[in-house]
Structures are given as C-alpha cells and as structure tokens.
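Remarks on the structure that follows.
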Amino acid sequence: MTQKEKKPAQQYFSLQPSEMAVFKCASQIFAAYICSGKVTDKNKSDYYRIAIRDAMRIGAIVEKSIESDDELPASKGKSGVF
8 MTQKEKKPAQ QYFSLQPSEM AVFKCASQIF AAYICSGKVT DKNKSDYYRI AIRDAMRIGA
68 IVEKSIESDD ELPASKGKSG VF
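Under the numbering used here, residues 8 to 89 are what the sequence shown spells out, in order.
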C-alpha cells in the first residue's frame, strides 16, 4: 500500500446528549441541502456551518416552546400533557 492509498486516521469524539441531538438534526439539514443541489465541494464547509446554525436555532425554539417534565414545578405534576 502506497502513502496515497493509506487510510486516514480514524477520529473519535464523545458528544453530550444535547450535542448529539444538534448533530443529528444538523446532519438531516445538511443532507437536505445536498439533495437540493446547493452543496458543492467548494461550499461544503459553509453548508456544514449553516446546517449546525439552523439546528441550534431549531433547538432554541424547541427549548422555549416546550417544558420538559423535569422543568415543571412539582405542583403541576408530570403528566407530559400540554
């Protein structure tokens, strides 16, 4: 195997649950940009950042819109019903 044929070193990272949620959302958004034909080799890095920014904005809207059970005061109960 020549120098050019060597596999790139694998990278490992660990994401917190909230980071994993943003990662999954951003991945889906990025895939949609690819499917729409907007992503090229030249602008791929830009669209990575755009997808992450969009995913974070969606997360912020979700956070403002929904109270999770552990955020509810004890008197409201934990039914999960809006």
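Note that the Cβ used here is the ideal one computed from N, Cα and C, for glycine as well.
All of these numbers come straight from a predicted model, not from anything done at the bench.
Distance, alanine 33 Cα to serine 52 Cα: The residue given as residue 52 occupies position 45 in the sequence shown. The residue given as residue 33 occupies position 26 in the sequence shown. C-alpha separation (whole angstroms): 13 angstroms.
Helix, strand or coil at aspartate 48 [DSSP, three-state]: By 1-based counting over the sequence shown, the position of residue 48 is 41. Aspartate 48: coil per DSSP, three-state reduction.
Would the beta-carbon of tyrosine 55 fall within 7 angstroms of that of valine 46? Walking along the sequence shown from the start, residue 55 turns up at place 48. Walking along the sequence shown from the start, residue 46 turns up at place 39. No, the Cβ-Cβ distance between tyrosine 55 and valine 46 is not below 7 angstroms.
Thinking C-alpha only, which one of Glu26, Asp48, Phe37 is nearest alanine 67? On the sequence shown, position 60 is the one that residue 67 refers to. When each option's Cα is compared against that of alanine 67, the closest is Glu26.
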